[in-house]
Each structure stands twice: as structure tokens, then as C-alpha cells.
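In short: position in the sequence shown from 1, add 780, done, that's full-length UniProt numbering. Notes follow the structure.
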Amino acid sequence: AKRNGRAHYQYYAPEMNVEMLARMHLEQRLRKAVKQGEFHLEYQPIVDMRSGVITSVEALIRWQDPDYGLISPESFIPIAEETGLIEPLGEWILHQALADLADIHAQGIALCMAINVSARQCMNSKGICFSEVLKQALATHGIEAKDVHIEITESLLIEDKPLRLECLDAIKQLGVDIYLDDFGTGYSALSYLTQCPISVIKIDKSFIDNIADNPSDVKLIRAILMMAKNLELPLVAEGVETLEQWNFLQALNCDYAQGYLISRPVAKQQLLAFLQQSKPL
Ligand code: C2E
Ligand code: CA
Ligand code: CA
Ligand code: CA
């Protein structure tokens, strides 16, 4: 029995190593994937709730691994951040999104591009601020700053505050708006909203999910909308899936909506078809 006990104990210890191995394995695959270009971008429309016009799209990365199939960014972006691989990957995302935006503009379609930027990308390992990387990329693809936004999360605002603030100010100076993503899920120190150059708030999907059946979340959404109005910050609702949610948000004067109700994230060709077909006559 004692022996079994020991065996039992040993059974659990390596399990942590299994997790670490899986992680290292993913890290190795990720390195290879960056080199071999196993990524592509999808774009999800964001609609102006008053006019019904699609004003922008959010670029979302997809990793098609030859063996494992599609791997969720929720699982590999954190590893890319920890390992620093987000740097080359982030630059690839930026250039691909701007190249695609240039193509879309060439079709005579007015559209803005929202790009997710990780905390780690703010200042790269060479000490270069993301504003410099962005400025170069805009010039390369002939894109105006006003047609691009970046989306950041609160975590970016927490560490290294003075440096990050300087960097965000430089981005804003370029004319690129900064959206605060996943609002309501993090630390939500409200002072960030006025201290940082934030132009738009994206309210997290988790709040929208509960519109139908959670009265306290409904109260929270109302409060967030009122606060945003008072601060003159437009609001995007994320993860709008039902007409009920849309109607609720519209009644509360929410500015923009994004979610499966309007469209799932789609490849560029599909996006173009979608935009052509929803163009006003
Ligand atoms: P996020 O920035 O909050 O992106 C929104 C996520 O919600 C996307 O998941 C999108 O597909 C999903 N979504 C949108 N509408 C709906 C809906 O109506 N219902 C449901 N169930 N989901 C909806 P995705 O593409 O899997 O991305 C997950 C997260 O991975 C993103 O969350 C973001 O944090 C990160 N990520 C994705 N692409 C990039 C990227 O290019 N760069 C960086 N740094 N992070 C990225
Ligand atoms: Ca986002
Ligand atoms: Ca989000
Ligand atoms: Ca999210």
C-alpha cells in the first residue's frame, strides 16, 4: 500500500511536466510557424448602430497548423507574449492587415482597420516604441493614420506606466486612435480612461452575453454606457449574437456593435463580398 502511495504521488508530479512539455512543444511549433508563415488574418466587421454602416473591421489572427489544425489565439498569443515571439508575429500582423486594407481601399471601399497590440509590443527589445513601427508600416502601405486603430487591454496600462504612457501618446500623436479592449474584465481603474489617450471603449462580450437573463449585468451595462457618454467616449459592444441584444443596446444609445449577429470573422475575399453586398445603393 505504501508503495502504491508513492507511485500515486509520482503519478501526479510528472503531470506538471506534461503541461510544461506541451507548452514547450507549442513554443517550438510557434517559432517554426512564424518562420514558415502558417498564419493568416480574418476580419470581423464593426457596425455603426445608428446608420447601419460598417465603419471598421478588427483583424484577428488564425494559426493553421499542418498537424493540429486551427489553434486558437487564446492559447498561443499568451505564449507568443511570454517568449517574445509576439514581436516578429506582431509585425507580420501589422503589415498583413495594412496590405489588405490597401487592397480594400483600392476597391473604392472606405474602411478602418483595428489591430490588437500586446503590452509587450509597445516597446520592442531594441527599445523602439510601437509608434515608430506603426509609422513605418503606414508609409510602406500608403495608409492614412486615421484609417487605423489599435486595441489594447488594461494590462498594458498597468506595468511600466510612464514608459507605456509615453508610447501611447506617441501613437495618438500619429493620428492613430487607441481603443480599450475587454473593458470591465480587468482591474478597471477608471482613472486610466482620462489619464491615457483612449478614444473608444470596447465593452466585453461577457456583459453582452447576460443581457437577456442577468439583471445586475444589465445595470452594469447601463452604468458603463452612461459613464462613457459623460466622458464622451464612444462605446463598442463586443460579441453581439442576438437581435434581442442588438435592440437592447440600441435603446441605450450604444454607438457600435461587433458580433456573430452581424458577421463572424472572415477572410479578406469573403469580407470584400460582404462589404460589396451591404454597400448602400
Ligand atoms: P479579442 O480581441 O477580445 O477579440 C474578440 C474575440 O471574440 C475574437 O476571438 C472573436 O472571434 C470573438 N467574437 C466576436 N464576436 C463574437 C460573438 O458574437 N460570439 C462569440 N462567441 N465570439 C465572438 P478570437 O479571434 O478567437 O481571438 C481571441 C483573442 O485572441 C482576442 O480577443 C485577442 O485577445 C487575441 N488575438 C486575436 N488576434 C490577435 C492579434 O492579431 N494580435 C494580438 N495581440 N492578439 C490577438
Ligand atoms: Ca480586440
Ligand atoms: Ca475584446
Ligand atoms: Ca478578449
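For glycine and all other residues, C-beta sits at the position ideal for the given N, C-alpha and C. Nothing here was measured: the structure is a model prediction, and the numbers come from that model.
Using CA atoms only, rank isn't needed, just tell me which of the options is closest to residue i.
i: Arg-812; options: Asp-927, Asp-845, Met-829, His-820; result: Residue 812 is actually Lys in this sequence, not Arg. When only C-alpha atoms are compared, the closest one is Asp-845.
i: Leu-840; options: Leu-850, Leu-821, Ser-852; result: Leu-821
i: Ile-895; options: Leu-1000, Tyr-972, Gln-876; result: Gln-876
i: Asp-997; options: Lys-1048, Gly-964, Asn-797, Phe-1054; result: Gly-964
i: Glu-1024; options: Glu-1012, Gly-1039, Leu-1013; result: Gly-1039
i: Ile-978; options: Ala-950, Ala-917, Ile-988, Ile-1001; result: Ala-950
i: Leu-970; options: Asn-990, Ile-938, Ala-992, Ile-988; result: Ile-938
i: Asn-1027; options: Ile-988, Gln-1050, Ala-1047; result: Ile-988
i: Ser-855; options: Ala-802, Gly-922, Leu-973, Ser-1058; result: Ala-802
i: Gly-907; options: Ala-890, Cys-976, Ala-886, Glu-946; result: Glu-946
i: Leu-850; options: Tyr-823, Asp-880, Phe-819; result: Phe-819
i: Ile-866; options: Ala-899, Val-837, Asp-880, Glu-838; result: Ala-899
i: Phe-910; options: Lys-952, Gln-1049, Ala-879; result: Lys-952
i: Cys-976; options: Gly-870, Ile-1001, Leu-1051, Pro-942; result: Pro-942
i: Leu-1011; options: Leu-1052, Tyr-972, Leu-936; result: Tyr-972
i: Gln-816; options: Asn-797, Val-897, Ile-834, Leu-869; result: Leu-869
i: Asp-880; options: Ser-1058, Gln-1050, Gln-1057; result: Gln-1050
Give the secondary structure of residue i by DSSP, where H, G and I count as helix, E and B as strand, and everything else as coil.
i: Gln-824; result: strand
i: Val-837; result: strand
i: Glu-799; result: helix
i: Asp-883; result: helix
i: Arg-842; result: strand
i: Glu-818; result: coil
i: Ile-866; result: helix
i: residue 733; result: Outside the displayed range of the chain (781 to 1061) lies residue 733, so it cannot be described from this structure.
i: Leu-970; result: coil
i: Ile-978; result: coil
i: Pro-858; result: helix
i: Leu-1052; result: helix
i: residue 759; result: Past the boundaries of the shown model lies residue 759; the chain is included only from 781 to 1061, so the question cannot be answered.
i: Glu-939; result: coil
Regarding residue i and ligand 1, is the C-beta to nearest heavy atom distance less than 8 Å?
i: Ser-935; result: no
i: Asp-962; result: yes
i: Tyr-972; result: no
i: Leu-1041; result: yes
i: Arg-1044; result: yes
i: Gln-1038; result: yes
i: Gly-966; result: no
Should residue i be counted as a contact of ligand 2 given a C-beta to heavy atom distance under 8 Å?
i: Glu-861; result: no
i: Lys-982; result: yes
i: Asn-896; result: yes
i: Glu-838; result: yes
Could you check if residue i belongs to the surroundings of ligand 3, using beta carbon to heavy atom distance under 8 Å?
i: Ser-931; result: Contrary to the premise, residue 931 reads as Glu rather than Ser in this sequence. Indeed, a heavy atom of ligand 3 lies less than 8 Å from the Cβ.
i: Glu-854; result: no
i: residue 1094; result: Nothing about residue 1094 can be reported from this structure: the residues present for the chain run from 781 to 1061 only.
i: Lys-985; result: yes
i: Glu-1018; result: yes
Quick check: is the beta carbon of residue i nearer than 9 Å to any beta carbon in chain C?
i: Glu-912; result: Included in the structure is just one protein chain, with no chain C present.
Given 8 Å as the limit, is there contact between the region 917-929 and the region 952-959, that is, 3 or more CB pairs closer than that?
-> yes
On the three-pair Cβ rule with 8 Å, is the region 1005-1020 touching the region 983-996?
-> yes
What are the uninterrupted segments assigned as beta strand (DSSP E) that are 3 or more residues long and contained completely in the region 984-1047, given in chain order?
-> Runs of the beta strand (DSSP E) inside the region 984-1047: 1015-1017.
For the 8 Å Cβ check, are there 3 or more pairs between the region 855-863 and the region 798-810?
-> Under the 8 Å Cβ criterion, the region 855-863 counts as touching the region 798-810, having at least three qualifying pairs.
Just checking, does the region 994-1005 make contact with the region 1020-1038 on the three C-beta pairs under 8 Å criterion?
-> yes
In chain order, which continuous runs of the alpha helix (DSSP H) of length 4 or greater are located wholly inside the region 886-923?
-> 899-902, 910-921
Contact between the region 823-838 and the region 1042-1050 (3+ Cβ pairs under 8 Å) = Output reads yes: the region 1042-1050 touches the region 823-838.
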